[in-house]
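Notes follow once the structure below has been shown.
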Ligand code: ACO
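Put into C-alpha cells, the structure is as follows:
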C-alpha cells in the first residue's frame, strides 16, 4: 500500500541503522484510511470526499459519522447517529463541581485539558480499549460531551451560570445555545450563523498526522484510555504554531491596530522580527483548500451581520492583499491558512478570542478519536518509540560535591 515515493525503512532498526528527521519532515508514522492531503495541489479529502463538497453539502455530524465509519450514512443511520450523539450531551453532575477548583479567570484551554482528562474518572465503564463496545461508547461520549464542556469552560471563565444542553436543537445550534443563552434571553439560532460555525467544525474535523493527532496516536499507542489521549491532543493543539494560530491572528490584528500600520508590520515580518500569523503551513505549499471555503463563509457572515466595513476585517484584507502580491511570501509559498479567516468569523459570531482554540479542539475531537480507534483496531499496532541523536557529554565519573568547582 506504500506509494512510489515512500521507502519502507522498518527493517533498518534490525541492522542498527536509524534515520534522523527532526520535525518529521520526511517520515510517515502510520498507515491511515481517514484523510488524504495533497499539499502541492492544495487538496484535502475525508475518506475520499473533497472537503469543498462536504463543506457545501454535508453537515458536521454526518462528517463525524463518515470519519469514524468510513462511509456516508444512509438517512436511517444518520438519524440514529444524531439521536445517539444528542442523547449523550449531558455531563455527570459531579463534573460541574470539578470546575470550582479552577481559578475564576483560568484560560478555557487550560480547563479543557483538565476536564477532558478527568472524564476517565467519571466514565470508568468505557475504558477497556480492547473492547469494541467500550471504544464505541467512549467515542460517542467524547463527541457528545465536548460541546457541553467547551461551553462550560467559557461560562466559568465569564462568571456565568452553566446552561444545560437542548437536545431538540442541532449539534451546532445547541452549542451556541449553551454559549450564548442567558436566564432572561434564550439564544435564538440564526441559520446563517449556525451554518457558518457548522462549516468551521467540518473544516477542522481532521487533518491527518498533524502535531495533535500524532500526539493522540502516540499517547494511545501505550494503551492509555481515550479520554486521556484526547486530553493530550488538546494540550498539543494549544500551541501558537498549531491550534493557537487563530487566536494569534486576532491578537496580531489588535497589535497592528490600523491599516496604515500594515506596511511597517510587513517589513518586520520580512526582517523575521515576527511571523505573519495565519499564513504558511507545513503541508500546503499552495492555497489551503479550507481557507478558500472559510474566506467565502467569512464574507457571508460579515454580510449577514452588516460588518463588511468592520476596521479589523479591513485590516485583515489588507494583510491578505499585500501577502498575496509580495515576492517574499510568493517565493516561500506562504498562503493564508484556514485559521486566518476562522478567527475573523468566530470573532464576528461573538465568540471571544480565548475560545477559538477550544472550538478547534471541539471540532477536531472526532478526527483524533477516529485515528485513535483506527490505530487500536490495527492488530499490528506498536507502541510509538522514536529514537534520538545523542549530543550530550561522553562518559565521565561522578565527582563528590566538595570536590566540584
Ligand atoms: N510568517 C512569515 N514567514 C514565515 C511564516 C509566517 N507565518 N511561516 C513560514 N515563514 C517563513 C520562514 O521564516 C522560512 O523562511 P526562510 O526560508 O527565509 O528561512 C520559510 O517561510 C519556511 O518556513 P518554515 O518554518 O520552514 O515552515 P514550517 O513548515 O516549518 O512551518 C508553520 C509551518 C509552523 C505553520 C509556519 O508557517 C507558521 O508558524 N505559521 C504561522 C502560524 C500559523 O498560522 N499556524 C497555523 C497552521 S495551520 C493549523 O494548525 C490549522
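Numbering (UniProt numbering), first residue to last: 24 to 428. The beta carbon of each residue, even a glycine, is placed where N, CA and C say it ideally should be.
Cβ-heavy atom distance between residue 289 and the ligand ACO below 6 Å? no
Determine the DSSP secondary structure at residue 25, reduced to helix, strand or coil. coil
Determine the DSSP secondary structure at residue 194, reduced to helix, strand or coil. helix
Is it buried or exposed for residue 14, if we count other Cβ within 10 angstroms and need 16 for buried? Lying before the first or after the last residue shown, residue 14 is absent from the chain, which here runs from 24 to 428.
Nearest to residue 328 (by Cα), restricted to the options 193, 372, 310, 182: 372
Can you check whether the CB of residue 339 is closer than 7 Å to the CB of residue 374? no
Going by the CB atoms, is the gap between residue 273 and residue 365 shorter than 7 Å? no
Who are residue 48's beta bridge partners in DSSP? Paired residues: none, contrary to the question.
Spell out a yes or no on whether the segment 241-260 and the segment 385-402 are touching, meaning 3 or more CB-CB pairs, one atom from each, closer than 8 Å. yes
In angstroms, rounded to a whole number, what distance separates the CA positions of residue 176 and residue 25? 43 Å
With residue 301 and residue 362 assumed to form a contact (beta carbons below 8 Å), what rounded beta-carbon distance in angstroms separates them? 5 Å
Is the CB-CB distance between residue 83 and residue 221 below 7 Å? yes
Rounded to the nearest angstrom, what separates residue 255 and residue 138 at their Cα positions? 12 Å
Once you ignore the five residues that flank residue 136 on each side, which residues in its own chain have a CB closer than 6 Å to its CB? 254, 257, 258
When you compare only the Cα positions, how much space is there between residue 167 and residue 103? 14 Å
Coarse secondary structure for residue 125, derived from DSSP in three states: coil
I need the straight-line Cα distance from residue 41 to residue 99, nearest angstrom please. 50 Å
Using three-state DSSP, classify residue 302 as helix, strand or coil. strand
Is it the case that the Cβ atoms of residue 389 and residue 87 are separated by a distance below 7 Å? yes
Which residue or residues does DSSP assign as beta-bridge partners of residue 67? 60
Beta-carbon spacing of residue 125, residue 134 below 7 Å: yes
Taking 6 Å as the cut-off, is the C-beta of residue 300 nearer than that to any heavy atom in the ligand ACO? yes
Can we count residue 394 as close to the ligand ACO, meaning its CB is less than 6 Å from some heavy atom? no
What are the boundary residues of the alpha helix (DSSP H) that residue 144 is part of? 131-145
Just the C-alpha distance for residue 311 and residue 321, rounded to the nearest angstrom, thanks. 15 Å
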